[in-house]
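Novice: Here my numbering runs 617 ahead of the position in the sequence shown, where the first position is 1.
Cβ atoms here follow ideal geometry from the backbone N, Cα and C, with glycine treated the same way.
Mind having a look at this structure? Questions to follow.
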Amino acid sequence: MVDHRSVDVGEVRLAYQMSGPPDAPPLVLLHALGEDATDWEAVVPALARSRRVYALDLRGHGRSDWPGDYSLELMQADVLRFLDALGLGRVDLIGHSMGGIVAYLLAEDHPQRVSRLVLEDVPVPRPREPSTPARPDGALTFDWEMVLAVRRQIDQPDSRWLERLGQITAETLVLAGGPHSHVPQDGVAELARRIPGGRVVTIPVGHLIHHAAPEAFTEAVSAFLEENFRPARQA
C-alpha cells in the first residue's frame with residue numbers, strides 16, 4: 618500500500634509517497650524534469666519488497682510547493698532536509714535524468730548520507746548548445762519557470778559538478794538507455810568512469826528505462842542494492 622504524505626523542509630513543503638516494510642533499508646527516488654512521484658509507479662512495487670521506498674515530488678513539481686525560486690542546488694538541499702526531517706541517515710538513492718543530477722550533487726556534497734547510488738540515463742555535466750523549450754499548452758503539473766531555470770543549468774553546468782564526481786564514495790550503478798536515448802551515451806559512460814567504482818549497464822530501450830523495461834530495470838537495481846551485482850550486459 619502506498620502512503621501519501623508531505624513534510625515541511627524549511628523553504629518548501631515536499632510531497633512524497635512511501636511504501637514498503639517500515640523496518641527495511643530506506644530507498645529514495647528522484648524523478649526527471651517535469652515528472653513527479655507517480656512516475657515510478659511501474660517499479661515501486663518490486664523495489665518495495667525489500668526497501669522502504671520514498672518517492673518525492675521535487676520543488677516545482679506535482680503536489681510539492683512551487684515557490685518560484687529554482688535551482689538544482691536548491692533541490693539537493695531540499696532532499697537533504699527531507700532526509701533530516703524523516704530521521705533518515707544513510708540511504709540508497711535512485712535518480713532519473715534531472716533527478717540523477719540532484720542525486721549525484723547530494724552524493725558529492727554529503728557522501729556520508731548515500732550508501733548506494735543509481736543514476737538512470739544521466740548526462741555528464743558538460744556545456745551543451747542552449748535551447749529554449751516551448752511551453753506545452755494547457756494546465757501543467759509542474760512550474761514552467763522551474764523548467765526554464767533547470768534547463769539553463771543543464772545547458773551550462775557548474776564546472777565543479779564534473780570535478781567533484783571523483784569525491785563520490787557511494788557504490789554507483791549507472792544505467793544507460795543505449796542508442797535510442799536522446800542523452801549522448803558517451804557522456805553517460807564518462808559519468809560512470811569519473812565516479813570511483815562506478816559501473817555501467819546498458820538497457821537499450823531509450824531514456825525512459827524504468828517505463829520501457831520495468832522488469833529489466835528492477836532486476837538490475839535490486840541485484841545492485843542487494844550487493845549481488847552481476848551485469849548481464851556491460852557498456
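Is it true that the segment 627-636 meets the segment 793-812, where meeting means three or more beta-carbon pairs spaced less than 8 Å apart?
Specialist: The answer is no - the segment 793-812 does not touch the segment 627-636, with fewer than three Cβ pairs under 8 Å.
Novice: A849 by DSSP, collapsed to three states: which one?
Specialist: The residue given as residue 849 occupies position 232 in the sequence shown. In this prediction, A849 has a pLDDT of 43, which is less than 50 and means its spatial position is unreliable; nothing more can be read from the coordinates.
Novice: Take L864 and list the residues in its own chain whose beta-carbon comes closer than 7 Å to its own, dropping the five residues that flank it on each side.
Specialist: Missing from the structure shown is residue 864; the chain here goes from 618 to 852 and no further.
Novice: Please tell me whether L792 and V764 are closer than 8 Å, where the distance is taken between their beta carbons.
Specialist: The count along the sequence shown starts at 1 and reaches residue 792 at position 175. The count along the sequence shown starts at 1 and reaches residue 764 at position 147. Cβ atoms of L792 and V764: not closer than 8 Å.
Novice: Hey, which unbroken runs of the beta strand (DSSP E) at 3 residues or more fall wholly within the segment 677-754?
Specialist: Whole beta strand (DSSP E) segments, 3+ residues: 708-713 and 731-737.
Novice: Taking the alpha-carbon positions, what's the V670 to G815 distance?
Specialist: For the purposes of this step, residue 670 is taken as the residue at position 53 of the sequence shown. For the purposes of this step, residue 815 is taken as the residue at position 198 of the sequence shown. So the alpha carbons of these two residues sit roughly 23 Å apart.
Novice: In three-state terms, what does DSSP make of V800?
Specialist: Translated into the one-based positions of the sequence shown, residue 800 becomes position 183. If DSSP states are grouped into helix, strand and coil, V800 belongs with coil.
Novice: Output needed for H827: all residues of its chain with C-beta closer than 6 Å, excluding positions within five of it in sequence on either side, in chain order.
Specialist: For the purposes of this step, residue 827 is identified with residue 210 of the sequence shown, where counting begins at 1. Cβ neighbours of H827 beyond the five flanking positions: V660 and F834.
Novice: Which whole-angstrom value describes the C-beta separation of A840 and I820, a residue pair presumed to lie in contact below a C-beta threshold of 8 Å?
Specialist: As a first step, residue 840 is located in the sequence shown; it is residue number 223 there, counting from the start. As a first step, residue 820 is located in the sequence shown; it is residue number 203 there, counting from the start. The Cβ separation is near 13 Å, so there is no contact.
Novice: Mark P744 as exposed unless 16 or more other C-beta atoms lie within 10 angstroms of its C-beta, in which case mark it buried.
Specialist: Along the sequence shown, one-based indexing puts residue 744 at 127. The residue in question, P744, is exposed, as its Cβ has fewer than 16 Cβ neighbours within 10 Å.
Novice: Less than 7 Å between C-beta atoms, sequence neighbours within five positions excluded: which residues of the same chain meet that for T786?
Specialist: Position 169 of the sequence shown, counting from 1, holds the residue named residue 786. Excluding residues within five positions, the ones whose Cβ falls inside 7 Å are P728.
Novice: Pick from R781, E746, G679 and L790: whose alpha carbon is nearest that of D772?
Specialist: Translated into the one-based positions of the sequence shown, residue 772 becomes position 155. D772 has its Cα closest to that of E746, out of R781, E746, G679 and L790.
Novice: Hey, out of G706, G823 and R698, whose CA is closest to L868's CA?
Specialist: Nothing in the structure corresponds to residue 868, since the chain is present only between 618 and 852.
Novice: Residues in its own chain within less than 6 Å of G651 by CB, not counting five upstream and five downstream?
Specialist: On the sequence shown, residue 651 is found 34 positions in, with the first residue counted as 1. The residues are F759.
Novice: Can you tell me whether DSSP reads Q784 as helix, strand or coil?
Specialist: On the sequence shown, residue 784 is found 167 positions in, with the first residue counted as 1. Q784: helix per DSSP, three-state reduction.
Novice: I'd like the ranges of any alpha helix (DSSP H) spanning at least 4 consecutive residues and lying wholly in the segment 799-839.
Specialist: Whole alpha helix (DSSP H) segments, 4+ residues: 802-811 and 826-829.
Novice: Write down the C-beta distance between D709 and L808 rounded to the nearest angstrom, noting that I regard them as a contact closer than 8 Å.
Specialist: Mapped onto the sequence shown, residue 709 falls at position 92. Mapped onto the sequence shown, residue 808 falls at position 191. That belief does not hold up - the Cβ atoms of D709 and L808 are roughly 18 Å apart, past 8 Å.
Novice: Buried or exposed for A830, going by 16 or more other Cβ atoms inside 10 Å?
Specialist: For this step, residue 830 is matched to residue 213 along the sequence shown. Classification for A830: buried.
Novice: From R680 to E737, what distance separates their C-alpha atoms?
Specialist: Here residue 680 refers to the residue found at position 63 of the sequence shown. Here residue 737 refers to the residue found at position 120 of the sequence shown. Cα to Cα, R680 sits roughly 23 Å from E737.
Novice: For the alpha helix (DSSP H) containing Q634, name the first residue and the last one.
Specialist: Looking up residue 634 in the sequence shown gives position 17. Run containing Q634: none in the alpha helix (DSSP H); it sits in the beta strand (DSSP E), R630 to S636.
Novice: With respect to the alpha helix (DSSP H) encompassing P639, which residues constitute its N-terminal and C-terminal limits?
Specialist: To locate residue 639, count along the sequence shown from 1; it is residue 22. Careful: P639 lies outside any alpha helix (DSSP H) and carries neither H nor E.
Novice: At the level of alpha carbons, what is the spacing between W657 and L646?
Specialist: In the sequence shown, residue 657 corresponds to position 40, counting from 1. In the sequence shown, residue 646 corresponds to position 29, counting from 1. Computed Cα separation, rounded: 8 Å.
Novice: Judging by CA-CA distance, which residue of L703, E725 and V741 is the nearest neighbour of S714?
Specialist: Counting from 1 along the sequence shown, the entry for residue 714 is found at position 97. Cα-wise, what sits closest to S714 is V741.
Novice: Go through its chain and collect everything with a Cβ distance to H678's Cβ below 6 Å, but skip five positions before and after it.
Specialist: By 1-based counting over the sequence shown, the position of residue 678 is 61. Same-chain partners within the cutoff: D653 and F759.
Novice: I need the DSSP call for V661, collapsed to helix, strand or coil.
Specialist: Counting from 1 along the sequence shown, the entry for residue 661 is found at position 44. V661: helix per DSSP, three-state reduction.
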